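If you use the numbering used here, the sequence shown closes out at 261, no skipped numbers anywhere.
Right, one structure below, let's go through it.
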Amino acid sequence: MFKLPDLPYPHDALEPTMSDKTLRFHHDKHHAAYVKTLNELLEKAGKEPSSLEEVIIEAARGGEKKLFNNAAQAWNHTFFWTAMTPRKTEPAGELFDAITQSFGGLDQLKAAFVAEGVGHFGSGWVWLLAEKGGALSVKSTHDAEDLVTQADVTPLIVCDLWEHAYYLDHQNDRKGFLEAWFDALPNWDFAAAQLAAAKGQSAAWRHPAPVSGSAAQAA
Ligand code: MN
43 MFKLPDLPYP HDALEPTMSD KTLRFHHDKH HAAYVKTLNE LLEKAGKEPS SLEEVIIEAA
103 RGGEKKLFNN AAQAWNHTFF WTAMTPRKTE PAGELFDAIT QSFGGLDQLK AAFVAEGVGH
163 FGSGWVWLLA EKGGALSVKS THDAEDLVTQ ADVTPLIVCD LWEHAYYLDH QNDRKGFLEA
223 WFDALPNWDF AAAQLAAAKG QSAAWRHPAP VSGSAAQAA
């Protein structure tokens with residue numbers, strides 16, 4: 043079974059962009075519910091996967107929609123929390139160069155990222171991703187869809203476009219949320235490590251592996 047990973051910071055650490063109240067619902071209720079349903083579906087199917095990535099890829103391949111949705115949402119949320127930080131970070135080194143090369147600069151990347159998120163109809167995610175050669179692009183995915191099933195791209199950062207991510211703090215102002223989010227919360231140090239992975243210099247981030255047997259009982 044998969045455990046709900048703790049947030050890498052206190053619930054109030056991302057204020058004012060995302061409030062303590064939002065994170066208490068978003069992590070402790072929404073994210074937790076995806077993990078709970080994922081575990082129930084795996085148990086019912088008698089599956090004991092070795093990784094969440096494996097669950098996502100096999101569920102996508104087999105057309106197991108409910109399993110895919112809950113597994114992918116579990117992955118997306120853990121990645122989302124990991125790719126944010128309350129510390130102020132800046133793109134540096136090769137990441138800075140890649141942003142300049144692909145977008146012209148950080149301001150242009152922000153404009154592209156916000157426009158993609160605002161233009162995305164309904165629920166989903168907006169990603170900054172790297173291709174194998176290191177070229178960057180912005181892309182949105184619908185609902186639970188993620189990039190795990192695409193072997194040739196590596197996500198650097200992501201922002202949650204579901205209303206539960208911003209409605210308590212920003213109501214219907216998705217644009218205002220995305221602008222504030224982009225200025226304050228991306229973990230550019232994490233993004234730089236993911237870019238190095240995209241270029242084959244290291245391993246990309248993976249979701250924590252499932253715990254089994256007695257470890258799961260004790261959790
Ligand atoms: Mn969410």
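The beta carbon of each residue, even a glycine, is placed where N, CA and C say it ideally should be.
These numbers come from a predicted model, not from an experiment.
- Taking the Cα of D185 as reference, the smallest distance to any Cα among V168, I99, K174 and A172 is reached at V168.
- Between V160 and L220 a beta carbon distance of about 7 Å is seen, short of the 8 Å cut, so the two are scored as contacting.
- At least one heavy atom of the ligand MN lies closer than 7 Å to the C-beta of A207.
- In summary, P250 is exposed, with fewer than 16 beta-carbon neighbours lying within 10 Å of its beta-carbon over all protein chains present.
- In this structure, the alpha-carbon of G105 lies about 20 Å from that of S92.
- Where H184 is concerned, the enclosing beta strand (DSSP E) starts and stops at L178 to H184.
- Here the alpha carbon of F232 sits roughly 21 Å from the alpha carbon of H68.
- Within the stretch 81–134, complete alpha helix (DSSP H) segments of at least 4 residues are found at 94–104 and 107–124, given in chain order.
- Between A153 and I199, the gap from beta carbon to beta carbon reaches 8 Å or more.
- DSSP places L170 in the uninterrupted beta strand (DSSP E) bounded by G166 to E173.
- Judged by DSSP in its simplified three-state form, V195 adopts strand.
- In this model, D48 and K107 are separated by some 26 Å (Cα to Cα).
- For D211, the enclosing alpha helix (DSSP H) stretches over residues Y209 to H212.
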